[in-house]
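Engineer:
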Amino acid sequence: MQETSGTYIPSSPSAKKHRPSVHHRIEVALAQERARIARELHDELGSALTAAQLELAAIRRSSGPLDVETQGRIAHLAEVLARCMQAKRQVVQALWPQPDAGTHLTQALQALCHELGASLGLQIELDLSDALEVSLLPTGHIRTACRVVQEALTNVAKHAHTGQARVTARIEGHELHVSVQDPGRGFDPGALTGATRGLAGMRARVAELRGRLEWRSAPGEGAQVLAVLPLPGALR
């Protein structure tokens, strides 16, 4: 397949068998639009709600003694903002495509990389182990792997100053390894903040499956995000 911006490049023989049909391209276009709306909600509305919450917290700290009615109004406003934030998360989650039960990780990642390659303007190389073609992983593992890839590729598009990325997934022993690499400007892992919403979300999802999330990078040397998820048999 010719390398073009805004697509994905399969590098495993099994992945090359999948040729997108007209129907599939329509589905991808619809998914791209849902992804665009989801990103707008996540970035713009999410940032606005967070700013409002921080401003309200600052008012609470800086104000002198408040009467009971004012305190009640501030508390109510805080509750409204929290509900709005939760509703935003639910809408964003619903807009992003979720793999169905019975979906292989290969299928889910191919669809996701088609979608994100076009919507983010990235050239994505997809390297998948042949074992994933016959391994029916738990839906929770597939969803977590896809969300890690989604967030990591979004970060590449925003911060890495490169149009290229490589997504790798394979089974090693009793673990699923999923990584996203880019040849961009890199970063200092020690400077990462746990308060970042996307970073915190990735950590939480991986932790729910008793996995681990790692960053490997240095300024000017690209970056890699690696999620390691124990498979169910390894947890017994």
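Counting in this note's numbering, the sequence shown runs from 223 upward without gaps. From the three backbone atoms N, C-alpha and C, an ideal C-beta is built for every residue, glycine too.
1. Around the C-beta of H396, are 16 or more other C-beta atoms found within 10 angstroms, so that it is buried, or is it exposed?
2. Rounding to the nearest angstrom, what Cα-Cα distance links A280 and L327 in this structure?
3. Taking the straight line between their C-alpha atoms, what separation do you get for P360 and R283?
4. Can you list, in chain order, the residues of its chain with a C-beta nearer than 6 Å to that of R434? Leave out the 5 residues immediately preceding and following it.
5. Determine the direct distance from the alpha carbon of Q308 to that of A297, and round the result to whole angstroms.
6. Using 7 Å as the threshold, is the C-beta distance between V378 and A367 below it?
7. Using the Cα positions of L331 and S401, report the straight-line distance between them to the nearest angstrom.
8. For R425, which residues from the same chain have a beta carbon less than 7 Å from its beta carbon, with the 5 sequence-adjacent residues on both sides left out?
9. Flag this pair as yes or no: are the beta carbons of S341 and A257 separated by less than 7 Å?
10. Can you tell me where the beta strand (DSSP E) holding L435 begins and where it ends?
11. DSSP on P452, reduced to helix/strand/coil?
12. Taking the alpha helix (DSSP H) that T361 falls in, what are its first and last residues?
13. Would you say T390 and D352 are within 7 Å of each other, going by their C-beta atoms?
14. Label A260 either buried or exposed according to how many other C-beta atoms from any shown protein chain fall within 10 Å of its C-beta, with 16 as the threshold for buried.
15. Excluding the 5 residues preceding and the 5 following L338 in the sequence, name in chain order all residues of the same chain whose CB lies nearer than 6 Å to its CB.
16. Quick one, are the C-beta atoms of P441 and G406 less than 7 Å apart?
17. Residue range of the alpha helix (DSSP H) that E337 falls in?
18. Between which residues of its own chain and P454 is the CB-CB distance below 7 Å, once the five residues before and five after are set aside?
19. Starting from T272, trace the alpha helix (DSSP H) both ways and give me its first and last residue.
20. Can you grab the Cα-Cα spacing for the pair V244 / A251, in whole Å?
21. Quick one: using the 10 Å Cβ neighbour count with 16 as the cut-off for buried, is L276 buried or exposed?
22. Classify H383: buried if its beta carbon has 16 or more other beta carbons within 10 angstroms, exposed otherwise.
23. Does the distance from the CB of R432 to the CB of R369 come in under 7 Å?
24. Between the C-alpha atoms of R438 and H399, what's the straight-line distance to the nearest angstrom?
25. Could you check whether A274 and L303 sit closer than 7 Å to each other, using their CB atoms as the reference points?
Structural biologist: In short, the structure shows the following:
1. Position 174 of the sequence shown holds residue 396. Label assigned to H396: exposed.
2. In the sequence shown, residue 280 corresponds to position 58, counting from 1. In the sequence shown, residue 327 corresponds to position 105, counting from 1. Answer to the nearest angstrom: the Cα atoms are 45 Å apart.
3. Mapped onto the sequence shown, residue 360 falls at position 138. Mapped onto the sequence shown, residue 283 falls at position 61. Approximately 46 Å between the Cα atoms of the pair.
4. Here residue 434 refers to the residue found at position 212 of the sequence shown. So the list reads V450, once near-sequence residues are dropped.
5. The residue you call residue 297 lines up with position 75 of the sequence shown. The residue you call residue 308 lines up with position 86 of the sequence shown. Rounded to the nearest angstrom, the gap between the Cα atoms of A297 and Q308 is 17 Å.
6. Looking up residue 378 in the sequence shown gives position 156. Looking up residue 367 in the sequence shown gives position 145. Cβ distance not < 7 Å, so V378 and A367 don't count as in contact.
7. Along the sequence shown, read from residue 1 onward, the residue named residue 331 stands at position 109. Along the sequence shown, read from residue 1 onward, the residue named residue 401 stands at position 179. In this structure, the straight-line span from the alpha carbon of L331 to that of S401 is close to 12 Å.
8. Translated into positions along the sequence shown, residue 425 becomes position 203. If we look at R425 and ignore the five residues flanking it on each side, its Cβ neighbours are L435.
9. Locating residue 341 in the sequence shown gives position 119, where the first residue counts as 1. Locating residue 257 in the sequence shown gives position 35, where the first residue counts as 1. Against a cut-off of 7 Å, the Cβ pair of A257 and S341 comes out as a contact.
10. Here residue 435 is taken as the residue at index 213 of the sequence shown, counted from 1. 434-439 is the span of the beta strand (DSSP E), which, as asked, contains L435.
11. Here residue 452 refers to the residue found at position 230 when the sequence shown is read from its first residue. Looking at P452 - three-state DSSP - the assignment turns out to be strand.
12. In the sequence shown, the residue the question calls residue 361 occupies position 139. Segment 361-381, the alpha helix (DSSP H) holding T361.
13. As a working note, residue 390 is residue 168 in the sequence shown. As a working note, residue 352 is residue 130 in the sequence shown. No, these two residues do not count as a Cβ contact at 7 Å.
14. Position 38 of the sequence shown, counted from the start, is the residue given in the question as residue 260. Buried.
15. As a first step, residue 338 must be located in the sequence shown, where it is residue number 116. These residues qualify, in order along the chain: L375.
16. Here residue 441 is taken as the residue at index 219 of the sequence shown, counted from 1. Here residue 406 is taken as the residue at index 184 of the sequence shown, counted from 1. No; because the gap between Cβ atoms is not below 7 Å, this pair is not in contact.
17. For the purposes of this step, residue 337 is taken as the residue at position 115 of the sequence shown. Annotation: the continuous alpha helix (DSSP H) that includes E337 extends over 327-342.
18. As a working mapping, residue 454 is identified with position 232 in the sequence shown. So the qualifying residues of the chain are P360.
19. The residue labelled residue 272 in the question sits at position 50 within the sequence shown. Residues 268-284.
20. Here residue 244 is taken as the residue at index 22 of the sequence shown, counted from 1. Here residue 251 is taken as the residue at index 29 of the sequence shown, counted from 1. Their Cα atoms are separated by approximately 11 Å.
21. Position 54 of the sequence shown holds residue 276. That one is exposed.
22. If you number the sequence shown from 1, residue 383 lands on position 161. Exposed, because fewer than 16 other Cβ atoms sit within 10 Å of the Cβ of H383.
23. The residue labelled residue 432 in the question sits at position 210 within the sequence shown. The residue labelled residue 369 in the question sits at position 147 within the sequence shown. Contact: no.
24. To locate residue 438, count along the sequence shown from 1; it is residue 216. To locate residue 399, count along the sequence shown from 1; it is residue 177. Cα-Cα distance, rounded: 14 Å.
25. Taking the sequence shown and counting its residues from 1, one reaches residue 303 at position 81. Taking the sequence shown and counting its residues from 1, one reaches residue 274 at position 52. Contact flag set, yes.
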